[in-house]
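**Q** What follows is a structure written as structure tokens; I'll ask about it next.
Number of protein chains: 2
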Amino acid sequence: MVHNGIEYGDMQLICEAYQIMKQGLGMSNEEMHAVFAEWNVGELDSYLIEITRDILGYKDEAGEYVVDKILDTAGQKGTGKWTSDSSLELGVPVTLIGEAVFARCLSAMKADRTTASKILSGPEYAFTGDKKAFVEDVRQALLASKLVSYAQGFMLLAEAAKQYKWDLNYGEIALVWRAGCIIRSAFLGKIKEAFDRNPKLTNLLLDDYFHGVIERCQASWRRVVVQAVEAGVPVPAFTTALSFYDGYRSERLPANLLQALRDYFGAHTYERVDQPRGKFFHTNWTGKGGSVSAGTYNV
Amino acid sequence: MVHNGIEYGDMQLICEAYQIMKQGLGMSNEEMHAVFAEWNVGELDSYLIEITRDILGYKDEAGEYVVDKILDTAGQKGTGKWTSDSSLELGVPVTLIGEAVFARCLSAMKADRTTASKILSGPEYAFTGDKKAFVEDVRQALLASKLVSYAQGFMLLAEAAKQYKWDLNYGEIALVWRAGCIIRSAFLGKIKEAFDRNPKLTNLLLDDYFHGVIERCQASWRRVVVQAVEAGVPVPAFTTALSFYDGYRSERLPANLLQALRDYFGAHTYERVDQPRGKFFHTNWTGKGGSVSAGTYNV
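These protein sequences, in sequence, are chains Y and W. FYI, in this note's numbering the residues of the first sequence are 1 to 299. FYI, in this note's numbering the residues of the second sequence are 300 to 598.
Structure below.
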């Protein structure tokens, strides 16, 4: 299930890279075919990048690109949805697969999108930078986002192992996913190596090699998201990956305010930074005691 | 359930606005207290903005702000999760509530975040613009994102009505949510008016009033997301709302490539832009016929 969920994420990331190059940079199928051919040699070497290369170069008998004739609607009743259900059940923020599933839902709303496209406007945008350098930024953004997606997938496996008392060998799982699987890639070999280095690795992002990848790709990743936002190109998977990265490396998130709100309107209580975990406090925020409802601590 | 899901979203949006002002602009509780007081008069007038104002101004007996002493971890086993499960089941892209639920999951991983914060770096950033103008940008970003969240919530209601054969009065639902509910706001009155104008409105974003709101807020919204991305402040709800907006107004999404990939590796078939819906095609991408597996059309 996690393999297939990751496959949803990988395909969504490839689609977003394609959309940025096509819509944001105005690149042709031929140009993008060459880009994916180049990407397939190196860190992104994988079956899905390889067949994207082939698809972008494929013409029908009329000499026209088949990819341009395909309707942009996809279904999503399978294992991507199952992975998201499981993530919600186990409380693991597998945000990228979630966005990939929802992106398919949105793609299926073709008639609504066609109507909306005639009413809702986007920004004025024309790319003015160095196209070749920006395509390399897109490659690095794709790599960094892919890393976050795999980190989230392995977080889900680890939480399942904990809750269901499974003994999982994460390095072996990475290897299994290389054997004829759709997500097979050089990248999975790096994951195996990370778990060989440290079988107790708690998160792929903390492994030295992957940490180095993120450090190296980070500036490009942010530039791509900024350009996409300014161009009005939807990149839900790239952005959720970056939000996750920024959240995961934040010792302090704004959930203190969230807890204050919940304590204010529902007396849900909160823990404190200067007190042991498991000790709960309530503040009578209004000074009246009348506008909160007590007795709902576990909602 | 949808009310409570939207409540999750509203709270997450407020938390992200707070985080941008606190972390990105370095504003004090006192300054943010004043900002929320101002926001509560006008388009954002609502119970949650009002109590955020109160919380940010609230000091304990030692004269210290309580909000700073609250641990930044929140639970999520309730109706937010239920709303997301239901969105996945009905195939409706309710992305903002999904991100809000996952943001709570991430907040709960306090120990992991503390470890990661010592290893994973962020960007160098110092805000250099006009602070007052940027705070107004944040207000508009919050308003636009909130509108997307409600549009998604009503999309979920509409799909449920369709699949379960319910006869729902959407204007009345908006009114009911004003009666003592946590999400009560002036905004819900505008939703009621939109459905009064057009009881068959298919999406809130297409209503003249809300369409005008989005048009007016759009540039601010993009500026806020860009600054947050450059500052390394996680804003998953702001960004997913913007991605949804950009996707929803796209007649053409990159799902054509997605369908090509699925047809390549699994012979899933695809529809075409130049043929009637319901007619399915398959391409023998490899020219060999051997590297695709047929007979899996409905996967």
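All C-beta atoms, glycine included, are put in the ideal place defined by N, C-alpha and C. The structure displayed is predicted, hence computed values, not measured ones.
List, in order along the chain, the chain W residues whose C-beta lies closer than 8 Å to that of residue 211 of chain Y?
**A** What you label residue 211 of chain Y is simply residue 211 of the first sequence in a count that begins at 1. By Cβ distance, chain W contributes 418 and 419.
**Q** Whole angstroms are fine: how far does the CA of residue 328 of chain W sit from the CA of residue 322 of chain W?
**A** Indexing the second sequence from 1 puts residue 322 of chain W at position 23. Indexing the second sequence from 1 puts residue 328 of chain W at position 29. Straight-line Cα distance between these residues: approximately 12 Å.
**Q** Quick check on the burial criterion: 16 or more other C-beta atoms within 10 angstroms. Buried or exposed for residue 338 of chain W?
**A** On the second sequence, position 39 is the one that residue 338 of chain W refers to. It counts as buried.
**Q** Return yes when the Cβ of residue 391 of chain W is within less than 8 Å of the Cβ of residue 382 of chain W, no when it is not.
**A** For the purposes of this step, residue 382 of chain W is identified with residue 83 of the second sequence, where counting begins at 1. For the purposes of this step, residue 391 of chain W is identified with residue 92 of the second sequence, where counting begins at 1. Their beta carbons are not under 8 Å apart, which means residue 382 of chain W does not touch residue 391 of chain W by this criterion.
**Q** Any beta carbon from chain Y within less than 8 Å of residue 373 of chain W's own beta carbon?
**A** Mapped onto the second sequence, residue 373 of chain W falls at position 74. Yes, contact with chain Y.
**Q** Do you know offhand how far residue 179 of chain Y's Cα is from residue 345 of chain W's?
**A** In the first sequence, counting from the first residue as 1, residue 179 of chain Y sits at position 179. In the second sequence, counting from the first residue as 1, residue 345 of chain W sits at position 46. When rounded, the distance between both Cα atoms is 55 Å.
**Q** Using a Cβ-Cβ distance cut-off of 8 Å, determine whether residue 348 of chain W contacts chain Y.
**A** As a working mapping, residue 348 of chain W is identified with position 49 in the second sequence. So, not an interface residue.
**Q** Under 9 Å Cβ-Cβ, which residues of chain W neighbour residue 158 of chain Y?
**A** For the purposes of this step, residue 158 of chain Y is taken as residue 158 along the first sequence, with counting starting at 1. Per Cβ cutoff of 9 Å: no residues; residue 158 of chain Y is ~11 Å from chain W at best.
**Q** In the DSSP assignment, what are the bridge partners of residue 272 of chain Y?
**A** Here the question's residue 272 of chain Y lines up with position 272 in the first sequence. DSSP, once it has assigned bridges, lists W/369 as partnering residue 272 of chain Y.
**Q** Quick test of your reading: residue 107 of chain Y and residue 554 of chain W, contact by CB under 8 Å. State the CB separation rounded to the nearest angstrom.
**A** Taking the first sequence and counting its residues from 1, the one referred to as residue 107 of chain Y is at position 107. Taking the second sequence and counting its residues from 1, the one referred to as residue 554 of chain W is at position 255. About 4 Å separates the two Cβ atoms, so the contact holds.
**Q** Could you name the residues of chain W that residue 16 of chain Y contacts, counting a contact when the two beta carbons are closer than 9 Å?
**A** The residue you call residue 16 of chain Y lines up with position 16 of the first sequence. Those are 553, listed as they occur along chain W.
**Q** Output yes if chain W places a C-beta closer than 8 Å to the C-beta of residue 165 of chain Y; else output no.
**A** Here residue 165 of chain Y corresponds to residue number 165 of the first sequence, with the count starting at 1. By this cut-off, residue 165 of chain Y is not an interface position.
**Q** Going by the CB atoms, is the gap between residue 547 of chain W and residue 487 of chain W shorter than 8 Å?
**A** In the second sequence, counting from the first residue as 1, residue 487 of chain W sits at position 188. In the second sequence, counting from the first residue as 1, residue 547 of chain W sits at position 248. No; because the gap between Cβ atoms is not below 8 Å, this pair is not in contact.
**Q** What did DSSP end up calling residue 424 of chain W once you bin it into helix, strand or coil?
**A** Taking the second sequence and counting its residues from 1, one reaches residue 424 of chain W at position 125. Note: residue 424 of chain W maps to coil in three-state DSSP.
**Q** Does DSSP put residue 589 of chain W in a helix, a strand or coil?
**A** In the second sequence, the residue the question calls residue 589 of chain W occupies position 290. Here residue 589 of chain W scores only 48 on pLDDT, less than 50, and its place in the model is too uncertain to base an answer on.
**Q** Who are the neighbours of residue 242 of chain Y on chain W, taking C-beta pairs under 7 Å?
**A** Locating residue 242 of chain Y in the first sequence gives position 242, counting from the first residue. What residue 242 of chain Y touches in chain W: 528.
**Q** What separation, rounded to the nearest whole angstrom, lies between the Cα atoms of residue 167 of chain Y and residue 147 of chain Y?
**A** In the first sequence, counting from the first residue as 1, residue 167 of chain Y sits at position 167. In the first sequence, counting from the first residue as 1, residue 147 of chain Y sits at position 147. Taking the straight line joining both Cα atoms gives about 23 Å.
**Q** Taking only beta carbons into account, state which residues of the region 135-150 of chain Y come closer than 8 Å to chain W, listed in chain order.
**A** Hits within the stretch: zero.
**Q** By the 10 Å Cβ neighbour count, where 16 or more other Cβ atoms means buried, how is residue 341 of chain W classified, buried or exposed?
**A** As a position in the second sequence, residue 341 of chain W is number 42, starting the count at 1. When all chains shown are included, residue 341 of chain W counts as exposed.
**Q** Would residue 532 of chain W count as contacting chain Y if we go by Cβ distances under 8 Å?
**A** Here residue 532 of chain W refers to the residue found at position 233 when the second sequence is read from its first residue. Cβ-Cβ to chain Y under 8 Å: yes for residue 532 of chain W.
**Q** Return the residue from the list W/302, W/388 and W/355 that minimises the CA-CA distance to residue 316 of chain W.
**A** Along the second sequence, one-based indexing puts residue 316 of chain W at 17. That would be W/355, whose Cα lies nearest to the Cα of residue 316 of chain W.
**Q** What would DSSP say about residue 28 of chain Y, mapped onto helix, strand or coil?
**A** Position 28 of the first sequence, counted from the start, is the residue given in the question as residue 28 of chain Y. Coil, per DSSP.
**Q** Any idea if residue 294 of chain Y is buried or exposed, counting beta-carbon neighbours within 10 angstroms, 16 or more meaning buried?
**A** Along the first sequence, one-based indexing puts residue 294 of chain Y at 294. Low confidence applies here, because residue 294 of chain Y scores a pLDDT of 39, under 50, leaving its location unreliable and the question unanswered by this model.
**Q** Relative to chain W, which residues along the region 192-205 of chain Y have a C-beta separation below 9 Å, given in chain order?
**A** The residues in question are 202, 203 and 205.
**Q** Residues in the same chain with beta-carbon distance under 8 Å from residue 596 of chain W, minus the five sequence neighbours each way, listed in chain order, please.
**A** In the second sequence, counting from the first residue as 1, residue 596 of chain W sits at position 297. With a pLDDT of only 33 at residue 596 of chain W, under 50, the local geometry of the prediction cannot be trusted, and the value read off the model is given with reservation. Closer than 8 Å at the Cβ level, and outside the excluded window around residue 596 of chain W, lie 566, 567, 568 and 579.
**Q** Since residue 32 of chain Y and residue 138 of chain Y should fall inside the 8 Å C-beta cutoff, what is the C-beta to C-beta distance between them, to a whole number of angstroms?
**A** Here residue 32 of chain Y is taken as the residue at index 32 of the first sequence, counted from 1. Here residue 138 of chain Y is taken as the residue at index 138 of the first sequence, counted from 1. Not really, about 10 Å apart at Cβ, beyond 8 Å.
**Q** Can you tell me which of the three DSSP states residue 309 of chain W falls into?
**A** Taking the second sequence and counting its residues from 1, one reaches residue 309 of chain W at position 10. Reduced to three states, the DSSP call for residue 309 of chain W is helix.
**Q** Taking 8 Å as the cut-off, does the region 69-80 of chain Y touch the region 358-374 of chain W (at least 3 CB pairs, one atom from each stretch)?
**A** The region 358-374 of chain W is not in contact with the region 69-80 of chain Y.
**Q** Counting along the chain, where does the alpha helix (DSSP H) carrying residue 516 of chain W start and finish?
**A** By 1-based counting over the second sequence, the position of residue 516 of chain W is 217. From DSSP, the alpha helix (DSSP H) with residue 516 of chain W extends over 507-530.
**Q** Under 8 Å Cβ to Cβ from residue 14 of chain Y, same chain only, skipping five residues before and after it: list those, please.
**A** Stepping through the first sequence from its first residue, residue 14 of chain Y is reached at position 14. Around residue 14 of chain Y: 48, 49, 52 and 142.
**Q** Within the same chain, show all residues whose beta-carbon is closer than 6 Å to that of residue 274 of chain Y, passing over the 5 residues directly before and after it, in chain order.
**A** The residue labelled residue 274 of chain Y in the question sits at position 274 within the first sequence. If we look at residue 274 of chain Y and ignore the five residues flanking it on each side, it has no Cβ neighbours.
**Q** Does the distance from the CB of residue 444 of chain W to the CB of residue 500 of chain W come in under 8 Å?
**A** Counting from 1 along the second sequence, the entry for residue 444 of chain W is found at position 145. Counting from 1 along the second sequence, the entry for residue 500 of chain W is found at position 201. No, the Cβ-Cβ distance between residue 444 of chain W and residue 500 of chain W is not below 8 Å.
**Q** Consult DSSP for residue 46 of chain Y and reduce its assignment to one of helix, strand or coil.
**A** Here residue 46 of chain Y is taken as the residue at index 46 of the first sequence, counted from 1. Looking at residue 46 of chain Y - three-state DSSP - the assignment turns out to be strand.
**Q** Would you kindly work out how many angstroms separate the C-alpha atoms of residue 300 of chain Y and residue 171 of chain Y, rounded to a whole number?
**A** Residue 300 of chain Y falls outside the range modelled here, since chain Y spans only 1 to 299, and no answer is possible.
**Q** In angstroms with no decimal places, state the Cα-to-Cα distance between residue 157 of chain Y and residue 2 of chain Y.
**A** To locate residue 157 of chain Y, count along the first sequence from 1; it is residue 157. To locate residue 2 of chain Y, count along the first sequence from 1; it is residue 2. About 8 Å.
**Q** Of all the CB atoms in chain W, is at least one closer than 8 Å to the CB of residue 67 of chain Y?
**A** Start at 1 with the first residue of the first sequence, and residue 67 of chain Y comes out as number 67. It does: the Cβ of residue 67 of chain Y has a partner Cβ on chain W nearer than 8 Å.
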